[in-house]
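The sequence shown maps to residues 96 to 268 in my numbering.
To keep things clear, I will list the structure first and then write my remarks on it.
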Amino acid sequence: MHFGFSRKKTECDFICILLHPMLLSPLPSFEQDFILPVIRNQNFPYLFLHEETSWERAIYENQDLNIVKKMAEFINNNYMEKLSLADIAAAGAVGQSKCCKLFARFFFQTPTMYLTQHRLTKSMELLLNTDLPVIEIALSVGFGSASYYTETFRKWIGKTPSEFRKEGKFHSQ
């Protein structure tokens, strides 16, 4: 725990947020919604890594980070297709075992869980912003059937897609 004083010699709070660079790339909306407002606000001090400094360059050059970034981008760009673990691993030019280890290290989940989470996120956007039927949404985000989609949605979100849509429309009024 740290203790500090302001210029007026009164107690102050410290907030430290450490963001892994991987968080910025897979979801452009994350960067736009959360990172850019902080970076553009002169009242928030932050450290921007520069490639000229050796320890900072090492972060940029981390091969595992580059590999997992390629695999995450592959999922983000192809989630609507039928994807296997082999497909995801091939996107990073690694074996399936290394693929799983990298996802566990950087995302604290399996590649399949990452894919499912991404599909569900995309489906929630469609549920709230369109009037497409649930089956059409399920198929458009890569689920094989509406029943599997509904089962997965309920397991992860705690309600059916229809209930989620209804609640979302109710709260937006």
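Ideal Cβ positions, reconstructed from N, Cα and C, are used throughout, including at glycine.
Original post:
Ile162 and Leu210 look like a contact to me (Cβ under 8 Å); what is the Cβ gap, rounded to whole Å?
Top reply: About 17 Å separates the two Cβ atoms, so there is no contact after all.
**OP:** Quick one: give me the first and last residue of the alpha helix (DSSP H) that Met219 is part of.
**Re:** 206 to 224
Original post:
Applying the criterion that 16 or more other CB atoms from any shown protein chain within 10 Å of the CB defines a buried residue, is Ala181 buried or exposed?
Top reply: exposed
Original post:
Just to confirm, are Thr243 and Val236 a CB contact at a threshold of 9 Å?
Top reply: The amino acid at residue 243 is misidentified as Thr; the sequence shows Tyr. In this structure, Val236 does not lie closer than 9 Å to Tyr243 by Cβ.
Original post:
Below 9 Å between beta carbons: does that hold for Glu168 and Ala186?
Top reply: yes
**OP:** Provide the residue span of the alpha helix (DSSP H) that contains Tyr174, from first to last.
**Re:** Element bounds for Tyr174: n/a, residue is neither H nor E.
Original post:
Mind checking Lys164: buried by the 16 CB within 10 Å criterion, or exposed?
Top reply: buried
Original post:
Hey, Ala233 and Ser257: beta-carbon distance below 9 Å or not?
Top reply: no
**OP:** Write down the C-beta distance between Cys194 and Met166 rounded to the nearest angstrom, noting that I regard them as a contact closer than 8 Å.
**Re:** About 6 Å separates the beta carbons of Cys194 and Met166, which is inside the 8 Å limit, making them a contact pair.
Subject >> Terminal residues of the alpha helix (DSSP H) in which Gln191 lies >> reply: 191 to 202
**OP:** Report the option in Ser179, Arg152, Asp159, Gln137 whose CA atom is closest to the CA atom of Arg200.
**Re:** A check of alpha carbon separations from Arg200 across Ser179, Arg152, Asp159, Gln137 identifies Asp159 as the nearest.
Original post:
Assuming Ile252 and Leu215 make a contact with CB atoms under 8 Å, what is their CB distance in whole Å?
Top reply: 7 Å
**OP:** Could you pull out every residue in the same chain whose Cβ sits closer than 8 Å to the Cβ of Thr247, ignoring the five residues on either side in sequence?
**Re:** If we look at Thr247 and ignore the five residues flanking it on each side, its Cβ neighbours are Thr211, Leu215, Phe238.
Subject >> Which of helix, strand or coil DSSP assigns to Phe330 >> reply: Past the edges of the chain, shown from 96 to 268, lies residue 330, and the structure says nothing about it.
Original post:
Using the C-alpha atoms, what's the distance from Ser192 back to His97?
Top reply: Bear in mind that the predicted position of His97 carries a pLDDT of just 46, short of 50, making it too unreliable to give a figure here.
Original post:
What do you get for Pro206, buried or exposed, if any count of 16 or more other CB atoms within 10 angstroms of its CB means buried?
Top reply: buried
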